[in-house]
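The numbers in my numbering rise by one with no breaks, and the one at position 24 of the sequence shown is 34.
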Amino acid sequence: MTRISEDQVRHVAHLARLAVTDEEVHTFTEQLDAIITFAEQLNELDTSNVLPTSHVLNMKNVLRKDESAPGLDREDVLKNAPDQQDGQIRVPSIIE
């Protein structure tokens, strides 16, 4: 007994905007049934001692710590700016 019908395959193909032939529908029905059968085998496994995870690998934050550090001196930055005014870097206007 199949767990998915050809009508369901046609419906999913329609939702995905896929044009499928009757032969393809038959093939996809068999293939999807095999996938569902395999997935149902996973329900037979005892997972009571398996902790929930968000990732299969042991992941950790590899970014550096967010610590404040002294920035560049304002005068040094303004020396390199092409245009400045009142201690600020002046840039071309982008809003009309």
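Glycine included, every Cβ here is placed at the ideal spot set by N, Cα and C.
Go through its chain and collect everything with a Cβ distance to residue i's Cβ below 8 angstroms, but skip five positions before and after it.
{"i": "Ala6", "result": "Here the chain comprises residues numbered 11 to 106, so residue 6 is not present and cannot be evaluated."}
{"i": "Ile105", "result": "none"}
Less than 6 angstroms between C-beta atoms, sequence neighbours within five positions excluded: which residues of the same chain meet that for residue i?
{"i": "Leu88", "result": "Gln94"}
Could you check what DSSP says for residue i in three-state terms: helix, strand or coil?
{"i": "Ile99", "result": "strand"}
Would you mind stating whether residue i and residue j have Cβ atoms separated by less than 8 angstroms?
{"i": "Asp43", "j": "Arg13", "result": "yes"}
{"i": "Thr39", "j": "Glu16", "result": "yes"}
Take the Cβ of residue i as the centre, count every other Cβ of all protein chains shown within 10 Å, and call the residue buried at 16 or more, exposed below.
{"i": "Val19", "result": "buried"}
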